[in-house]
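With our numbering, letter number 200 in the sequence shown gets 210, and the count goes up by one each step, no holes.
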Amino acid sequence: MSRTRPTIADLRAMKGKRQLTMLRVMTLEEAEAAERAGIDIVSIPPDLLLDPRYRDAAPSLFSMPGDNFYEIGTADDFLRWAFKMYKASADAVYCSASYATIKRMADEAIPVIGHVGLIPSRRTWTGGWKAVGKTAESALEILAAVRHLEAAGAFGAEIEVVPVEVAAAISERTSLFMISMGAGTGCDAQYLFAEDVLGQNRGHMPRHSKVYRNFAVEFDRLQAERVAAFREFVADVERKAFPEDRHVVHMDLAQLRAFMDRVEKR
């Protein structure tokens, strides 16, 4: 059954009615799998959106490219970048830069998703890789950040590793579409990284993630098979088992004799 790609108006209308699903996908194969699985929203690298094959693979995915603010630059840089993404079929853009930068894009009708709570690119301000909003004071700071995003014209916000009670209370009190990463079911969408879902991550696994498959084991198996195949190739060459007659071409005997006669006369 085909799906229609949701608009901003559609997502706003769904707020508080059902939990949507969101993945961070990095490849065309992951995007196609998300499409076929019925995922609602994807966060993607800008280069993936610019791939001319992307919308063939993911026609109905609400797609949001994003990068760290220090990779894109100033408000002017962000605006140029956002126009490029919008032209390439982005449904919204992610921005963890200043409220002024977000407002600059929102003023041009670019749908922007901001970020509150644990913001990886700004984690030094909140104590590193740990939950944010566990005290009344810090929870109020998150609410204030959401209000600033509202005023700037953002469409929504990722809220990351915030106590579920705080995230739910804020989501109930904002018009922003709230995307939970480790912030509970009181928000409007649940967000995971595809690499965590697929078990590709060999390092620390975040508490908020869930592993559904073990691709790391499969990658190890495939790598072992690569090594074995290459070793067999080396062995075949050394014992002259490769190439076999079926791997090469032969010259017509008469043409070969003519060639050899001319070679020997030189």
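Even for Gly, the Cβ is constructed at its ideal location relative to N, Cα and C.
Simplified DSSP assignment, three categories, for residue i
{"i": "Ser-148", "result": "helix"}
{"i": "His-125", "result": "strand"}
{"i": "Ser-70", "result": "coil"}
{"i": "Ala-167", "result": "strand"}
{"i": "Pro-56", "result": "helix"}
{"i": "Tyr-222", "result": "coil"}
{"i": "Arg-22", "result": "helix"}
Whether residue i touches residue j by CB criterion (7 Å)
{"i": "Ala-204", "j": "Glu-42", "result": "no"}
{"i": "Ala-102", "j": "Ile-82", "result": "no"}
{"i": "Asp-50", "j": "Leu-30", "result": "yes"}
{"i": "Met-115", "j": "Ala-92", "result": "yes"}
{"i": "Ser-190", "j": "Asp-206", "result": "no"}
{"i": "Val-52", "j": "Leu-21", "result": "no"}
{"i": "Gly-137", "j": "Tyr-104", "result": "no"}
Own chain, CB closer than 7 Å to residue i, minus 5 neighbours either side, in chain order
{"i": "Tyr-96", "result": "Ile-120"}
{"i": "Asn-174", "result": "The residue you asked about is not Asn; residue 174 is Val in the sequence shown. Ala-193, Gly-194, Gly-196."}
Cβ-Cβ separation, residue j to residue i (assumed contact under 8 Å), whole Å
{"i": "Glu-228", "j": "Gly-192", "result": "Not confirmed; about 26 Å, so no contact."}
{"i": "Gly-163", "j": "Ile-112", "result": "7 Å"}
{"i": "Ala-68", "j": "Ala-98", "result": "About 13 Å; that fails the 8 Å criterion."}
{"i": "Leu-58", "j": "Leu-38", "result": "7 Å"}
Residues near residue i by beta carbon distance below 8 Å, same chain, minus five either side
{"i": "Ala-107", "result": "Phe-79, Ile-82, Ala-85, Phe-88"}
{"i": "Leu-159", "result": "Tyr-109, Ile-112, Gly-124, Val-126, Ala-167, Leu-186"}
{"i": "Ile-152", "result": "Val-126, Gly-127, Val-142, Gly-143, Ile-169, Val-172, Val-176, Ile-180"}
Same chain only: Cβ atoms within 6 Å of residue i, ignoring 5 sequence neighbours per side
{"i": "Phe-225", "result": "Leu-208, Gly-209, Gln-210"}
Which parts of the segment 179-204 are runs of the beta strand (DSSP E), unbroken and 3 residues or longer, counting only runs that do not cross its ends? 187-191, 199-203
Completely contained alpha helix (DSSP H) runs for the segment 220-265, where each covers 4 or more residues: DSSP runs (the alpha helix (DSSP H)) wholly in the segment 220-265: 225-248.
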